[in-house]
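Below: one structure, written as C-alpha cells.
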Amino acid sequence: NIDETTGVIVTGIESGSKGEGADIRVGDIIKEINRRPIETVSDYQEILSQVDSGESV
Numbered sequence: 004n005i006d007e008t009t010g011v012i013v014t015g016i017e018s019g020s021k022g023e024g025a026d027i028r029v030g031d032i033i034k035e036i037n038r039r040p041i042e043t044v045s046d047y048q049e050i051l052s053q054v055d056s057g058e059s060v
C-alpha cells in the first residue's frame, strides 16, 4: 500500500546508470532531484537528462 501521491517508484537499476552508484534501490520513491520536484516519469527523465555523469544529486 503506497500513500505517496507524487514521485516515481524505482523498479530496476541499469548497470552503468546514474542511479547505480547513488545508493538508489528498487522500491525507492524518488520525489525530487536537486530540489526539483518529480511528479511523473517524464519529469524524472527530463531532470535526470540534465545531470552530468558523476554529479552529486
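Residue 43 in my numbering is what sits at position 40 of the sequence shown, and the numbering runs on without skipping anything.
We put the CB at the ideal spot given by N, CA and C, even for glycine.
query	result
Selected residue, minimal CA-CA separation from Ile12, among Glu23, Tyr47, Ile33, Ser18	Ile33
Paired residues, beta bridge with Ile32 - DSSP	Ile12
Boundaries of the alpha helix (DSSP H) in which Ser52 is found, first to last residue	44 to 52
Residues near Gly10 in its chain [Cβ-Cβ closer than 6 Å; skip 5 each side]	Ile32, Ile33, Lys34, Ile41
Spatial neighbours of Arg39 in its chain, beta-carbon cut-off 7 Å, leaving aside the 5 residues before and after	Ile50
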